[in-house]
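Read the structure below first, then the notes.
Number of protein chains: 2
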Amino acid sequence: MEKRQLIDPWGETAIEDYEKLFADFGIRPLKPLIPLIPSPPSFIRRGVIFGHRDLELILSAIKEKKDFAVMSGIKPTGDFHLGALLTAREIVYFQKLGGFGVYCIADIEAYEDNDIPYEESERIAVDNVADVLALGFDPKRGYIYRQSKETRVKDLAFLFGRGVTLATITAIYGERHMGLYMSALVQAGDIMLPQLPDFGGPKPTLVPVGVDQDPHIRFTRDLAQKFHAKYGFYTPSATYHRIVKGLDGSPKMSKRNPMGYFTLAEDLESIKAKLIQAFTGGRATVKEQRELGGEPERCPIYDLNMFYFMEDDDKVVELYINCKNGNLLCGDCKLRTAKVVLGFVKDHQRKRVQNLDKAREILGVN
Amino acid sequence: MEKRQLIDPWGETAIEDYEKLFADFGIRPLKPLIPLIPSPPSFIRRGVIFGHRDLELILSAIKEKKDFAVMSGIKPTGDFHLGALLTAREIVYFQKLGGFGVYCIADIEAYEDNDIPYEESERIAVDNVADVLALGFDPKRGYIYRQSKETRVKDLAFLFGRGVTLATITAIYGERHMGLYMSALVQAGDIMLPQLPDFGGPKPTLVPVGVDQDPHIRFTRDLAQKFHAKYGFYTPSATYHRIVKGLDGSPKMSKRNPMGYFTLAEDLESIKAKLIQAFTGGRATVKEQRELGGEPERCPIYDLNMFYFMEDDDKVVELYINCKNGNLLCGDCKLRTAKVVLGFVKDHQRKRVQNLDKAREILGVN
């Protein structure tokens, strides 16, 4: 076990936790497809994206230079977080490979699920769109919109409503109010939007998501199949990325604990403080760590490097080995990580400000 | 009992069936308000409209010359039927008293509930709108629209979604697919549309319906109250009309049996044949009828006269008495009724054709 981990800096052991997804839900491992993916970015090379459904459809379209789309979005409840960073990078990557990029500001969901009124989410949306532009999204080869302003996704929700029984919706979402169910149907509409005639009609469409979002994907795939005969929809494809651990050591980075996450809009000193205070895969004492080595598999600081911020694979391997063999202590590692993270965030924040006007223009906001 | 019916040509005994609605659901009898209603039309004088909720709000607005609205609509699944005729007459009446008239073509409901695609309901909608114009709806003092094209009612549906639990929606509509529930929310949006800022903001709004539609009314009233604090909505008022019997003697005129109903677009000979073959309140033999008299209370032919087609109250009383005392036999009565009905329908059909272009213009259909 130790040995295997030593030669597995991409954390394949962690993926073992996901193996039941392959068996139980039909998500398929990405690994066999990696050789077919043109210049795979780090999040593909390192298994951060570990699974998929029907990605072959997208890879064929790329190879044959046929139309395809890549779509994702963000719920405008706050600043851009790391999960959104990953999906944004995936969209930008597939957009560069020829995909039509669609980015949705899920403000209906923010209202239904979080009771955030549109006036408030509008302000957040401007920031979110500036973020995605700063990350390289090309609006000339894509489309960015708010659900509340996009009649076509709302109309798809009404279209799909007839295809969803009470049993189906409660099985996926539990017993919630009607608005939550409606926002699930709107989300299915978001995913199918790129296949409408206004966007050139049916085409393979890739939806990059965190693996916890798979129920939405299955829900939408079922609807695409139900309405295929009439509308010719392709069943949407998906990729699944691993869930990044919270800085507080929780299994999923979330907003519940402010010390457990940071956003791309956050004050640099605040981010640094959180990184320095983060939970790690280190041992109880320096002596112990020198002897036993650290445990990068359980370390959110390692995850940050491996998932997001360390470009060079060799350097990640080096970090992994130095942690495992006890050469690198957590204090040092945190400082090095903070330097890389803050460098990225600082640069990103500069670009984000440059994109605010463009974001307002895209959203039609003054 | 016989005696009471003899002096009650407006069928108050039939209203007794509705008395539990007063007790159980809080619908209130219209009768005490009739003296306050300016030049009450036959359907009010005769108790065809027998109940209401908060009609006082509307009567005050009329008296004080304040803004109010009157709204109803039709599901575009076929030609204009008699229930639609009654609500159209109510709208026209209250529009003449100063109300802003709103008429909704419920094409989302036609899709969700009856699987009629918009392309098909569009064609039907043109006819329906021509009908309502022919009946005197004044588009200069009102608004006619299709749900599928009216973003504001769809957005109200999304707004209201947060206020409706699964328990509420299943209690009213049973276990149905999501689309049916969504169309119920859209219908709540239809009713609240006249209170949006685009229409001058919150105002008393009257919804004339058949008494079987009361669950929708209560559902919408609850939502108006839930969202009152934020939007200032008035709780909508309603009037309830009695349910017209089927020509086949069934308790409710419906499309299930083609011989049981007719539409305003129907061929005159076909209507005549249905009237001649209709079930009546007559006796088994002429002798019996001469002796016992007919039973207008159970007679759909009497209903047609009393509800819709006989303008003069004295003539209805005369008809009632002549039936009850056995002077008038069903054959004669049917012929007389057919003459009145066909006269009206013929005239209406002429007016409807004249209004087709206007209807197309209003709906934006070529």
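Residue numbers (this note's numbering), protein chains in the order written: chain H, 1 to 366; chain G, 1 to 366.
Backbone N, C-alpha and C fix where the C-beta goes; we use that ideal spot for every residue, glycine too.
Values in this document were obtained by computation on a predicted structure and should not be read as measured data.
Distance, residue j Cα to residue i Cα
i, j, result
"Glu-64(G)", "Gly-142(G)", "20 Å"
"Tyr-231(G)", "Asp-190(G)", "15 Å"
"Ile-74(H)", "Arg-89(H)", "13 Å"
"Ile-301(H)", "Val-132(H)", "24 Å"
"Tyr-103(H)", "Leu-196(G)", "30 Å"
"Phe-253(G)", "Phe-262(G)", "Position check: residue 253(G) holds Met in this sequence, whereas Phe was assumed. Roughly 9 Å between the two C-alpha positions."
"Ile-91(H)", "Phe-160(H)", "25 Å"
"Lys-274(H)", "Asp-267(H)", "11 Å"
"Gly-163(H)", "Val-365(G)", "28 Å"
"Met-259(G)", "Asp-312(G)", "28 Å"
"Asp-334(H)", "Tyr-320(H)", "This sequence places Lys at residue 334(H); Asp is not what is there. Taking the straight line from one Cα to the other gives about 13 Å."
"Thr-235(H)", "Arg-53(H)", "10 Å"
"Asp-345(H)", "Asp-79(H)", "It should be noted that the sequence gives Val, not Asp, for residue 345(H). Each residue's Cα considered, the two are about 13 Å apart."
"Lys-255(H)", "Val-129(G)", "52 Å"
"Leu-391(G)", "Ile-49(G)", "Given that chain G is displayed from residue 1 to residue 366, the structure contains no residue 391(G) and the question cannot be resolved."
"Asp-332(G)", "Gly-249(G)", "19 Å"
"Ile-105(G)", "Met-192(G)", "15 Å"
"Ala-84(H)", "Lys-140(H)", "21 Å"
"Glu-108(G)", "Glu-19(H)", "Per the sequence shown, the amino acid found at residue 108(G) is Ile instead of Glu. Those two C-alpha atoms are separated by around 43 Å."
"Lys-287(G)", "Gly-294(G)", "11 Å"
"Cys-330(H)", "Leu-304(H)", "14 Å"
"Leu-36(H)", "Met-306(H)", "22 Å"
"Leu-33(G)", "Arg-123(G)", "40 Å"
"Thr-220(H)", "Arg-352(G)", "44 Å"
"Ser-42(H)", "Met-310(H)", "9 Å"
"Asp-24(H)", "Arg-242(H)", "17 Å"
"Val-153(H)", "Lys-154(G)", "12 Å"
"His-180(G)", "Ile-172(G)", "Before going further, note that residue 180(G) is Leu rather than His in the sequence given. Computed Cα separation, rounded: 11 Å."
"Asp-120(G)", "Asn-114(H)", "What sits at residue 120(G) in the sequence shown is Glu, not Asp. Taking the straight line from one Cα to the other gives about 38 Å."
"Lys-251(H)", "Leu-55(G)", "In the sequence as presented, Lys is not what sits at residue 251(H); that position holds Pro. Going by the C-alpha atoms only, they are around 58 Å apart."
"Val-209(H)", "Tyr-308(H)", "15 Å"
"Gln-354(G)", "Leu-135(G)", "12 Å"
"Arg-360(H)", "Asp-138(H)", "15 Å"
"Pro-76(H)", "Glu-112(H)", "12 Å"
"Pro-38(G)", "Phe-233(G)", "26 Å"
"Thr-280(G)", "Leu-247(G)", "8 Å"
"Leu-363(H)", "Phe-22(G)", "51 Å"
"Gly-51(G)", "Arg-28(G)", "5 Å"
Residues bridged to residue i [DSSP beta-bridge criterion]
i, result
"Val-353(H)", "Val-353(H) is not bridged to any residue."
"Cys-104(H)", "Gly-73(H) and Tyr-145(H)"
"Val-207(G)", "Ala-238(G)"
"Ile-392(G)", "For residue 392(G) there is no data in the structure shown, the boundaries of chain G being 1 and 366."
"Pro-29(H)", "Gly-51(H)"
Residue i, buried or exposed, once every other Cβ within 10 Å from all chains shown has been counted against 16
i, result
"Gln-289(H)", "buried"
"Lys-380(G)", "Past the boundaries of the shown model lies residue 380(G); chain G is included only from 1 to 366, so the question cannot be answered."
"Ala-229(H)", "exposed"
"Ser-60(G)", "exposed"
"Gly-26(H)", "exposed"
"Ser-183(H)", "buried"
"Gln-369(H)", "Lying before the first or after the last residue shown, residue 369(H) is absent from chain H, which here runs from 1 to 366."
"Ser-237(H)", "buried"
"Val-414(G)", "What is shown of chain G runs 1 to 366, which leaves residue 414(G) out entirely."
"Arg-4(G)", "Bear in mind that a pLDDT of 36 at Arg-4(G), under 50, signals an unreliable position, so the model cannot answer this."
"Gly-174(G)", "exposed"
"Thr-239(H)", "buried"
"Thr-165(H)", "exposed"
"Lys-315(G)", "exposed"
"Ala-125(H)", "buried"
Check: residue i C-beta below 7 Å from any heavy atom of the ligand SAH
i, result
"Asn-114(H)", "In the structure on display, the ligand SAH does not appear, and there are no ligands present to speak of."
Report the residues of the segment 163–177 of chain G with a CB closer than 9 Å to any CB of chain H, ordered along the chain. Listed by position along the chain: Gly-163, Val-164, Thr-165, Leu-166, Ala-167, Thr-168, Ile-169, Thr-170, Glu-175, Arg-176 and His-177.
Which residues, in chain order, does the segment 100–115 of chain G contribute to contact with chain H at a C-beta distance below 8 Å? Here the close residues are Ile-108, Tyr-111, Glu-112 and Asp-115.
Pull out every residue of the segment 179–190 of chain H whose Cβ sits closer than 7 Å to any Cβ of chain G, in chain order. Within the segment 179–190 of chain H, the qualifying residues are Gly-179, Tyr-181, Met-182 and Leu-185.
Interface positions of the segment 131–157 of chain H facing chain G (Cβ-Cβ less than 8 Å), listed along the chain: Near chain G, meaning a CB-to-CB distance below 8 Å, the residues of the segment 131–157 of chain H are Ser-148, Thr-151, Lys-154, Asp-155 and Ala-157.
Which residues of the segment 308–339 of chain G have a Cβ closer than 9 Å to any Cβ of chain H? Give them in chain order. Cβ contacts with chain H: none found.
Output the residue ranges of the alpha helix (DSSP H) runs that lie fully inside the segment 159–231 of chain H and measure 4 residues or longer, sorted by chain position. Correct list: 166–173, 178–192, 214–226 and 228–231.
What residues from the segment 207–229 of chain H come within 8 Å of chain G, judged by C-beta to C-beta, listed N to C? The segment 207–229 of chain H vs chain G, Cβ under 8 Å: nothing.
Can you list, in chain order, the stretches of the alpha helix (DSSP H) that have 4 or more residues and sit fully within the segment 306–339 of chain G? Taken in chain order, the unbroken stretches of alpha helix (DSSP H) that lie wholly in the segment 306–339 of chain G and span 4 residues or more are 313–324.
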